[in-house]
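See below for the structure under consideration.
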DNA sequence: TGTTTTCAGGTTGTATACAGGCTGAATACG
DNA sequence: CGTATTCAGCCTGTATACAACCTGAAAACA
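Residue numbers (our numbering), protein chains in the order written: chain W, 592 to 842; chain X, 592 to 842.
Spelled out as structure tokens, the structure:
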């Protein structure tokens, strides 16, 4: 836990939102729990207004569920919810790649993303040689996916994808940490990086259908990681937001 | 305008949200306009708190844009934004159709959607015979699309699609009214209804790829309507939220 | 004993007061 | 005359008071 002392320059609302999200993701608030405003006022050290705002935002984010009669509860997720979220991300990233190919990406954008690709190559190489470069890889991976979406030059799509990725386990780097423990880690890493390269090639060659198919399949690497992660407890706990997951058949 | 007097049973927040949305969609607030809370308090007859809440909600909805230093402005949209929004909807509905096919829809669900299909057949027939059944068609069309998405049995996808459709011109029935003026109206209506039937057939036959392709192409009917609507002023004004559209090259 | 009613506690929705920050215009200065 | 500075007005973010509502439990009644 890096930041127990929250920066005071942040607005109270943002402070509350971050703190509340942590509380949920760390499992200090369990799925189904009703969240009342007043207790949170004490717990977060801000007044009701920012707490209220944070609750609304987190509901939009998908972590909370509104109760018809007022108030919120912590949402719970099934294994299938995660699979679906990953599939949705893959589908939208596929659309982004296709649009990028069809509309044509500018030369400078392609150079930028190829630079990113090269950096990732280095990191992947070091990782395969036995180092532990996952933090660096996660960051580069996030940057790559962001740049890719931008290639589509579609604000609507960026917006939609932002939402698709808010759930912690839906993001492109959610399962990279799990991957470290995976027996087939080398394969997934190598194949994933090849996807990255191929999709850029496809976009440059204006091969829309191919670019789309690659990104869809690319997202399914995350599904594979997920399936593995669910198999034993240690890897299960590596899943971001694992506390929100209910395994087959509970309330 | 059916409801100039807003139901007093609604909460102030909802009241404010509806009124504010109308104000924006009707063009009484122009794109780029900054929306201050106090003037809205006078204009909507509710206090700052509900106004504030409505603003946050409308930002999430995509009608407003947050100013970094605080406050909101009315968003503006380009022709391409709409095309992209339609493409996104088509892509997600395609995913829904594919999942429905792959996962298998229950017999009773298929019966229900076929009932809806049959009702639409009747309406389409009457329409082609010279009647004006568009309101009925719009409602049935909305119901069909809703049922289709439900067939995928994916809460995540339902959620994502709900968001994709919040923009008024992205919804499946946004351009049906324009269609009435379209020279090729008969064709679009006939083909659209055929899409509806074919996608259900595909789902029942577990033909995922076909179901997906059909829904993608189905959404492109809306793009066709849009392209036509943009050509002259009368049809342009039929576009929901037309006031938010900026034609090529303005601030 | 089972059902209905009543009531108290807590919770949310709404209104409003207050403080800090931003904006834009007028003014002073180079 | 152009640029930097100051200041007033407004606006948002936050805190808090108040009221309506819902919930759950105890009590009264059939």
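Each residue gets a CB set at the ideal place from its N, CA and C atoms; glycine is no exception.
**OP:** Could you have a look at residue 830 (chain X) and say whether DSSP puts it in helix, strand or coil?
**Re:** Collapsing the DSSP output to three states places residue 830 (chain X) in coil.
Subject >> C-beta neighbour in chain W for residue 647 (chain X), strict 8 Å >> reply: With respect to chain W, the C-beta atom of residue 647 (chain X) has a partner C-beta closer than 8 Å.
Original post:
Should the region 664 to 675 of chain X be regarded as contacting the region 813 to 825 of chain X, the criterion being three or more beta carbon pairs within less than 8 Å?
Top reply: Verdict: yes, contact present.
**OP:** Drop a sphere of 10 angstroms on the beta-carbon of residue 778 (chain X), count the other beta-carbons inside from all chains shown, and report buried for 16 or more, exposed for fewer.
**Re:** Of the other Cβ atoms in all chains shown, fewer than 16 fall within 10 Å of the Cβ of residue 778 (chain X); this residue is therefore exposed.
Subject >> For residue 665 (chain X): DSSP bridge partner residues >> reply: Looking at the DSSP assignment, residue 665 (chain X) forms a beta bridge with X:655.
**OP:** List the residues of chain W that residue 747 (chain X) touches, going by C-beta distances under 7 Å, in chain order.
**Re:** Going along chain W in sequence order, the residues near residue 747 (chain X) (Cβ under 7 Å) are 672, 675, 676, 679.
Original post:
Does DSSP classify residue 838 (chain X) as helix, strand or coil?
Top reply: In this structure, residue 838 (chain X) counts as coil in the three-state DSSP scheme.
**OP:** Mind listing the chain X neighbours of residue 751 (chain W)? Cutoff is C-beta to C-beta under 8 Å, in chain order.
**Re:** Correct list: 679, 751, 754, 755.
Original post:
Does the beta-carbon distance from residue 740 (chain W) to residue 748 (chain W) come in below 8 Å?
Top reply: By the CB criterion at 8 Å, residue 740 (chain W) and residue 748 (chain W) fall inside the cutoff.
**OP:** Go to residue 703 (chain W), then tell me how far its alpha helix (DSSP H) extends in each direction, as first and last residue.
**Re:** Boundaries of the alpha helix (DSSP H) harbouring residue 703 (chain W): 698 to 719, taken from the DSSP string.
Original post:
In chain X, which residues lie with their C-beta within 8 Å of the C-beta of residue 826 (chain W)?
Top reply: Within 8 Å Cβ-Cβ: nothing; residue 826 (chain W) doesn't reach chain X, min ~23 Å.
Subject >> Per DSSP, the bridge partner or partners of residue 626 (chain X) >> reply: DSSP output for residue 626 (chain X) lists X:663 as bridge partner(s).
**OP:** Find the nearest neighbour of residue 669 (chain W) within the set W:783, W:797, W:758, judged by alpha-carbon distance.
**Re:** Comparing Cα-Cα distances from residue 669 (chain W) to each of W:783, W:797, W:758, the minimum goes to W:758.
Original post:
Under the rule that 16 or more other beta-carbon atoms within 10 Å means buried, what is residue 619 (chain X), buried or exposed?
Top reply: Exposed: under 16 other Cβ atoms inside 10 Å.
Original post:
For residue 626 (chain W), which of W:696, W:691, W:654 has the nearest alpha-carbon?
Top reply: It is W:654.
**OP:** Flag residue 653 (chain X) as yes if its beta-carbon sits less than 8 Å from any beta-carbon of chain W, otherwise no.
**Re:** Yes, because at least one Cβ of chain W sits closer than 8 Å to the Cβ of residue 653 (chain X).
Original post:
Going by the beta-carbon positions, is the gap between residue 681 (chain W) and residue 806 (chain W) smaller than 8 Å?
Top reply: Closer than 8 Å, so yes.
Original post:
So what's residue 594 (chain X) in DSSP terms, helix, strand or just coil?
Top reply: Because residue 594 (chain X) carries a pLDDT of 35, less than 50, the predicted location of this residue cannot be relied on, and the following value inherits that uncertainty. Secondary structure at residue 594 (chain X): coil, using DSSP grouped into helix, strand and coil.
**OP:** Give the DSSP-derived three-state secondary structure of residue 637 (chain X) in the structure shown.
**Re:** Three-state result, residue 637 (chain X): coil.
Original post:
Thinking just about the alpha-carbon of each residue, which of X:738, X:783, X:771 is nearest to the one in residue 808 (chain X)?
Top reply: In terms of Cα proximity to residue 808 (chain X), the closest of X:738, X:783, X:771 is X:783.
Original post:
Would DSSP call residue 590 (chain W) helix, strand or coil?
Top reply: There is simply no residue 590 (chain W) to check, as chain W begins at 592 and stops at 842 in what is shown.
**OP:** Consult DSSP for residue 632 (chain W) and reduce its assignment to one of helix, strand or coil.
**Re:** Of the three classes helix, strand and coil, the one that applies to residue 632 (chain W) here is helix, per DSSP.
**OP:** Run the CB neighbour count on residue 641 (chain X), radius 10 Å, all protein chains shown included, and call it buried at 16 or more, exposed below.
**Re:** Flag for residue 641 (chain X) reads buried.
Original post:
What are the boundary residues of the alpha helix (DSSP H) that residue 735 (chain X) is part of?
Top reply: It spans 725 to 742 - the alpha helix (DSSP H) in which residue 735 (chain X) sits, taken as one unbroken run.
Original post:
Taking only beta-carbon atoms, is residue 686 (chain W) less than 8 Å away from chain X?
Top reply: With 8 Å as the cut-off, residue 686 (chain W) counts as an interface residue toward chain X.
**OP:** Would you be able to state if there are at least three C-beta pairs under 8 Å between the region 760 to 768 of chain X and the region 820 to 835 of chain X?
**Re:** Yes, they touch.
Subject >> Start-to-end residues for the alpha helix (DSSP H) that takes in residue 767 (chain X) >> reply: Element bounds for residue 767 (chain X): 767 to 770.
**OP:** Return no unless some Cβ of chain X is closer than 8 Å to the Cβ of residue 682 (chain W).
**Re:** Using a Cβ-Cβ cut-off of 8 Å, residue 682 (chain W) counts as an interface residue toward chain X, since at least one Cβ of chain X sits closer than that to its own.
**OP:** Identify, in the order they occur along the chain, each residue of the same chain with its Cβ nearer than 8 Å to the Cβ of residue 734 (chain X), setting aside the five sequence neighbours on each side.
**Re:** 707, listed in sequence order.
Subject >> Enclosing alpha helix (DSSP H) for residue 775 (chain X) [first to last residue] >> reply: Element bounds for residue 775 (chain X): n/a, residue is neither H nor E.
Original post:
Can residue 608 (chain W) and residue 648 (chain W) be called in contact, C-beta distance under 8 Å?
Top reply: Yes. Within cutoff.
Subject >> Assigned secondary structure, residue 757 (chain W) (DSSP; H/G/I helix, E/B strand, else coil) >> reply: Here DSSP, grouped into helix, strand and coil, assigns residue 757 (chain W) to coil.
Subject >> Contact belief for residue 688 (chain W) with residue 803 (chain W) at Cβ below 8 Å, rounded distance in angstroms >> reply: With a contact defined as Cβ atoms closer than 8 Å, residue 688 (chain W) and residue 803 (chain W) qualify at about 6 Å.
**OP:** Report the option in W:742, W:720, W:690 whose CA atom is closest to the CA atom of residue 705 (chain W).
**Re:** Ranking W:742, W:720, W:690 by Cα distance to residue 705 (chain W) puts W:742 first.
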